[in-house]
Amino acid sequence: MTNNDATNNDVTQTPHEASNSRPARRFATAAVRAGYTPDSLHGSINMPIYASSTFVQDGINQLRGGFEYTRCGNPTIAGLERAIADLERAAHCRAFSSGMAATDAILRILLAPGSHIVMPNDVYGGTHRLIDAVFGAWGIEHTVVDIGDADAVAAAIQPNTSVIWVETPTNPLLTIADIEAIAKAKGDAKLVVDNTFASPYLQNPLDLGADVVLHSTTKYLGGHSDVVGGALITNDAALDEQIDFIRGGTGAIPSVFDAYLTARGIKTLAVRMERHCANAQAVAEFLVSRPEIAEVYYPGLESHRGHDVAKRQMSGFGGMVSARLADGANPHVPHGLGAKEAAEALCLNTVEFELAESLGGVESLIEVPAGMTHQSVTGTTLEITADLVRLSVGIEDVDDLIADLAQALDRLGT
Ligand SMILES: Cc1ncc(COP(=O)(O)O)c(C=O)c1O
């Protein structure tokens, strides 16, 4: 989908018809307006849901509005793609049925038997499972590195390295990768940045030298925990065509209803992210103050090793916080539980933070990655210890969130 206009993009236009006549919009305006302008037919303020698997043709292969069959493209999905491309300041975006479907598509294009990929040692568990178990079976090698150390990333690059996979902040340890430094070292390899944790509101990796940006739109872009989706964004027209080809060929496109929901969520991205960031900073500072907590991972803390890089490449520090529980064998730790037991008990004690996987929705969630989202890396070099809890800090009143964590910590071991 070409994103060369967001004011003249009636969804009845073909993807490539739009003109480039508008001044640049600021982010919050683009989030509300990008991807759709009230259509010429009825003036609907919201993007219509084109619940149509096929489109009438005026002659053999004469497409009336540029669309043929929804597995290969649809006006509602195209509106979502224009919006995401606009927010990532990119030329092209393709929406997918999930973040993993998007991951699978870009890896199919960039990797071949015998090629090599470098990825973070705390990458999202599902991404590792796909690269290790699925692509590994097809003869693709991988090296895991500390993605927060740009020199270690550069040292891991081999002559057959086709992809450097970056998540920043990472899931679940909130490690910050220096995108610009890695882009300078990448050589012929393609740099793919999973921007799910930051969202385009906080970080635009293509501006920093990435070749492709990936989103699990399930998270902050959708924003309401009511839809699963993904997206691939690039400025490379040839690569975008390959992405379109793979998506159409494998049928990994989202449903039009899901595309609509995601586009609707995007309208409030700017205000939600401001609140996520403010709440997460306060939650992180609160956790630091508690004796039951051994370590807090949040890039907004000055003590975080990636704080300076995050300050440079992000406009805020995000809504995700992770923390290790202290071991009760230490006499200064009041709960008296083992760190793993304390982590699990904390997740069961909270009320406002619901125990659930996923992240980026308006409601606060808490989980134990070792036993939940990152179960698939158990027994690998990526193993996450069981004393870690991950919090997706929502947009509720922060005093309620802190009071909830305080009561949950107070009740540990009782
Ligand atoms: C950082 C990151 N990337 C990708 C994914 C996969 O996205 P999805 O669940 O939409 O397939 C996730 C899911 O949690 C994630 O956290």
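Per numbering that gives the first Met the number 0, numbering of the sequence shown is gapless, rising by one per residue and ending at 413.
C-beta atoms are modelled at their ideal positions from N, C-alpha and C, and glycine is treated no differently.
Beta-carbon proximity list for residue i, same chain, < 8 Å, skipping 5 on both sides
i           : result
residue 412 : 327, 333, 334, 335, 336, 341, 344
residue 179 : 207, 208, 312
Chain-order list of residues whose beta-carbon lies under 6 Å from that of residue i (same chain, five-residue window excluded)
i           : result
residue 348 : 407, 410
residue 195 : 214, 215, 218
residue 115 : 140, 157, 159, 160
residue 167 : 175, 176
residue 286 : 292, 295, 322
residue 385 : 339, 369
Residue i vs residue j beta-carbon contact at 8 Å
i           : j           : result
residue 356 : residue 379 : no
residue 228 : residue 391 : no
residue 321 : residue 201 : no
residue 354 : residue 366 : yes
residue 231 : residue 101 : yes
residue 265 : residue 76  : no
residue 91  : residue 203 : no
residue 316 : residue 374 : no
residue 388 : residue 124 : no
For residue j and residue i, the rounded distance between their alpha carbons
i           : j           : result
residue 313 : residue 146 : 16 Å
residue 198 : residue 136 : 32 Å
residue 221 : residue 187 : 33 Å
residue 184 : residue 111 : 22 Å
residue 32  : residue 82  : 8 Å
residue 399 : residue 63  : 54 Å
residue 79  : residue 258 : 6 Å
residue 358 : residue 24  : 28 Å
residue 36  : residue 319 : 33 Å
residue 89  : residue 267 : 20 Å
residue 126 : residue 368 : 14 Å
residue 382 : residue 109 : 27 Å
residue 288 : residue 47  : 49 Å
residue 1   : residue 119 : Note that residue 1 scores 40 on pLDDT, short of 50, meaning its location in the model is unreliable and no value can be drawn from it.
residue 30  : residue 44  : 14 Å
residue 274 : residue 164 : 29 Å
residue 26  : residue 269 : 7 Å
residue 478 : residue 69  : Any answer about residue 478 is impossible in this case: the structure gives the chain only from 0 up to 413.
Three-way DSSP call (helix, strand, coil) for residue i in this model
i           : result
residue 262 : helix
residue 130 : helix
residue 160 : strand
residue 119 : strand
residue 57  : strand
residue 179 : helix
residue 321 : strand
residue 405 : helix
residue 381 : coil
residue 215 : strand
Sequence-distant residues of its chain with Cβ nearer than 7 Å to residue i (five each side left out)
i           : result
residue 305 : 147, 174, 175, 298
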